Structures are given as C-alpha cells and as structure tokens.
Amino acid sequence: MCPKLNKKYEQKLCSIKSENSLSSNCNGNQSIYFQTLCVFIRIKDQERKVRVLIDTACENSYISESVTSILKATPLREETIIHSLFGGNETKPKHHSVYSIEVSDLKRSYACCFEVLSEKKICGFISKIEDKRILNELKNKEIILSDLNCKETEIGLLIGADNIGKLLTGNLIEFDSGLTAIETKPGWTVIEKQWENLNIIERVPEVELNNECHYLPHRPVIKLDSATTKIRPVFDASAREKGNHL
C-alpha cells in the first residue's frame with residue numbers, strides 16, 4: 001500500500017474501472033507539444049524520478065513495466081481489461097497488474113497516492129520543447145517546466161482521466177504564440193495550438209478583419225470535475241444580427 005504521508009501531503013486512492021478504458025495515440029510529433037512533466041514515484045521504500053505524460057483522453061493511468069521492475073514493486077492485484085480503441089475497435093481481454101504509487105513533485109512540496117495499471121511500453125518518443133521563442137515566453141512568466149531538465153526520455157507514467165482531476169489547480173496562462181501553460185500540483189505543463197497545427201481551425205488574416213464574413217470565435221472552457229476532457233474548446237456559432245443564420 002501507499003506509505004504514510006505527512007499531514008501537508010494528500011493521501012487518496014482512486015479505484016480503477018475494470019471493464020473498458022480508452023487507449024490514446026501517444027506517438028511523438030515534433031510539431032505538437034504534449035503535457036509532460038517530471039516527478040518522483042515511490043512504491044514502498046523504493047523511489048525513482050520518471051517522466052510523465054498527462055492524457056485526459058485515456059480513462060486509466062498506467063506505469064511502465066520497466067519502472068516497476070526497477071522499483072522491485074509487488075502488485076496489489078491483477079485486473080482484466082478490454083481496451084476500446086479509436087474507431088470503435090476493441091482489444092482482446094488483457095491482464096494488467098495494479099500498483100499503488102506515491103507521486104510527488106521534484107521539490108517534494110506535494111504528494112498524493114493513486115492506483116495505476118502496468119503496461120509494457122506506454123508510448124513512443126515524445127520530444128521536449130526546444131523552441132527559443134516559447135522558452136522565452138515561459139521564462140518571462142516565470143514558469144518552470146520540470147520536464148526540460150529531466151534526464152529521462154522515456155515516458156514512465158501516464159496519468160489519465162481517473163486521476164488528473166485531483167492534480168489540476170485550475171490555473172492556466174495563454175500566450176500570443178498559441179501555447180497554453182496549465183498548472184498541476186506536481187508542476188507546470190504546456191500544450192500547443194494543436195487544432196491550428198492540424199488545420200482544423202485557422203487564424204483570421206489581418207487583411208480580412210474588416211470584411212463581412214462569418215467566423216467562429218472559440219475559447220477554452222475548464223471543467224475540473226469532468227470524467228474525461230478537463231479543457232474543451234467551445235465555438236460560438238450564434239448570430240449577432242436579425243435575419244442572419246449560420
């Protein structure tokens with residue numbers, strides 16, 4: 001079980017749904033930044049620094065078998081799960097070991113406990129931010145990303161929708177570049193303007209700002225108690241003049 005924490009720490013165990021879970025695509029993409037950070041993981045008296053991926057589209061949280069092997073961890077139990085994949089496909093029943101872990105930030109000012117499922121390999125390579133313009137934006141706001149100085153390259157822990165709710169603070173900062181910094185209790189993470197990069201949306205050209213045309217403004221809506229996506233883009237498709245309909 002999770003070791004006893006100091007009073008300033010938060011000790012909570014979350015049950016894991018054993019029937020279905022979402023499996024997200026975690027292949028690294030050089031042009032898109034994922035929510036990553038670096039934390040300490042403790043199982044009983046063994047501790048290790050690992051790189052973390054936050055994925056709210058994934059129902060459960062996972063720990064790589066390489067990390068549990070290094071920590072010589074003993075599972076609490078075994079669970080069998082059928083994974084629902086993109087497109088509606090389902091995997092055959094798969095057996096996972098369940099572990100109770102303690103996660104703390106690098107300064108050890110915050111820690112919490114929750115359960116995770118074992119997985120041989122969580123995802124492929126995910127790059128770190130190297131864009132100097134973005135790094136300067138973060139520096140000007142005094143935002144420090146623990147992932148930048150993390151020597152680990154492989155993702156050792158995935159925090160999914162089952163546990164991310166207890167980690168979000170609700171603080172976020174949007175930058176002119178389209179980058180959004182999201183604060184979690186273990187540290188800051190960032191996401192880029194993925195919809196614009198994927199050509200799902202596009203910025204209105206300045207030369208067309210005065211033309212009569214319909215555009216769909218959007219803004220982020222944060223719902224911390226959501227079981228899936230905590231931050232959703234909401235588009236405003238309402239007409240502002242009589243007789244005009246979209």
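All letters in the sequence shown, in the order written, are residues 1 to 246 by UniProt numbering. By construction, the Cβ of each residue, glycine as well, lies at the ideal position given by its N, Cα and C atoms. Keep in mind the model is a prediction, meaning the values are calculated, not measured.
Of the listed residues G156, E183, S177 and L179, nearest to T169 (C-alpha basis):
E183
List in chain order: all unbroken alpha helix (DSSP H) runs of 4+ residues lying wholly within the region 173-197.
194-197
First through last residue of the beta strand (DSSP E) which encompasses R48
Q46 to I54
Buried or exposed: Q35, going by 16 or more other Cβ atoms within 10 Å of its Cβ?
buried
Starting from T153 and walking both ways along the beta strand (DSSP E), at which residues does that stretch end?
From DSSP, T153 is part of no beta strand (DSSP E); its letter is neither H nor E.
According to DSSP, simplified to helix, strand and coil, what is I126?
coil
Taking S61 and N163 to be in contact with their CB atoms under 8 Å, please state how far apart those CB atoms are, rounded to whole angstroms.
5 Å
Let me know if G124 comes out buried or exposed under the rule of 16 or more other beta-carbons within 10 Å of its beta-carbon.
exposed
For E115, report the span of its beta strand (DSSP E) as first-last.
A111 to E119
Euclidean distance between Cα positions of D55 and I122:
11 Å
Which same chain residues end up closer than 7 Å to H95 when comparing Cβ atoms and leaving out the 5 residues on each side of it in sequence?
E78 and T80
Residue 278, buried or exposed, once every other Cβ within 10 Å from all chains shown has been counted against 16:
Because the chain is modelled from 1 through 246, residue 278 falls outside the range shown and cannot be assessed.
For a test of the three-state rule: what should DSSP assign to K139, helix, strand or coil?
helix
Within 10 Å of its beta-carbon, does residue 316 have 16 or more other beta-carbons around it, so buried, or fewer, so exposed?
The question about residue 316 has no answer here: the residues shown for the chain are numbered 1 through 246.
Same chain only: Cβ atoms within 8 Å of N171, ignoring 5 sequence neighbours per side
I182 and E183
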